[in-house]
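Take a look at the structure below.
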DNA sequence: GTTCTAACA
DNA sequence: TGTTAGAA
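Numbering (this note's numbering), first residue to last: 375 to 519.
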């Protein structure tokens, strides 16, 4: 199987217990159970042990909600905002999963490189290449003819 | 030792 | 939400 898909599966199947999540994220176990009761988060639906496990997606959601709470939003407001983030994340992920294959390393030591972001053909037949660049100047997009 | 539910502060 | 009790 393609390595990217394997890693995708691995990350998708990572599960963390409520104790770990609570400790690392800084949210109490009581809160996590309460958020679940409110329907905001859902433990991975598996066996009948009754022990809660959370996958990566839920983990991201938990972290996001926590951040919003810290900023002063109510729990309800935090969850409402997370809906936006989830859609945006999916869009970004879809876009970059596609372009991740076309990465050219320009400087291995410094971690510089170029990402092929696709082509653009204008009405008059000219062809351009969009490239995402990471180099000593930072992070930017350029257009090559 | 960890997690669960339920109940009360 | 925090905490605590009692069970798994």
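All C-beta atoms, glycine included, are put in the ideal place defined by N, C-alpha and C.
Reduced DSSP secondary structure (H/G/I, E/B, other) of residue i
{"i": "residue 518", "result": "strand"}
{"i": "residue 429", "result": "strand"}
{"i": "residue 392", "result": "helix"}
{"i": "residue 458", "result": "helix"}
{"i": "residue 497", "result": "coil"}
C-alpha distance - residue i paired with residue j, whole-angstrom precision
{"i": "residue 469", "j": "residue 439", "result": "25 Å"}
{"i": "residue 377", "j": "residue 493", "result": "26 Å"}
{"i": "residue 500", "j": "residue 516", "result": "16 Å"}
{"i": "residue 480", "j": "residue 486", "result": "5 Å"}
{"i": "residue 458", "j": "residue 451", "result": "12 Å"}
Residue i versus the options, residue with shortest Cα-Cα distance
{"i": "residue 389", "options": "429, 395 and 419", "result": "429"}
{"i": "residue 454", "options": "471, 436, 466 and 465", "result": "436"}
{"i": "residue 504", "options": "377, 514, 498 and 510", "result": "514"}
{"i": "residue 391", "options": "425, 400, 405 and 404", "result": "425"}
Residues bridged to residue i [DSSP beta-bridge criterion]
{"i": "residue 453", "result": "In DSSP, residue 453 forms no bridge with anything."}
8 Å contact criterion, which residue i and residue j should meet: CB distance rounded
{"i": "residue 489", "j": "residue 506", "result": "4 Å"}
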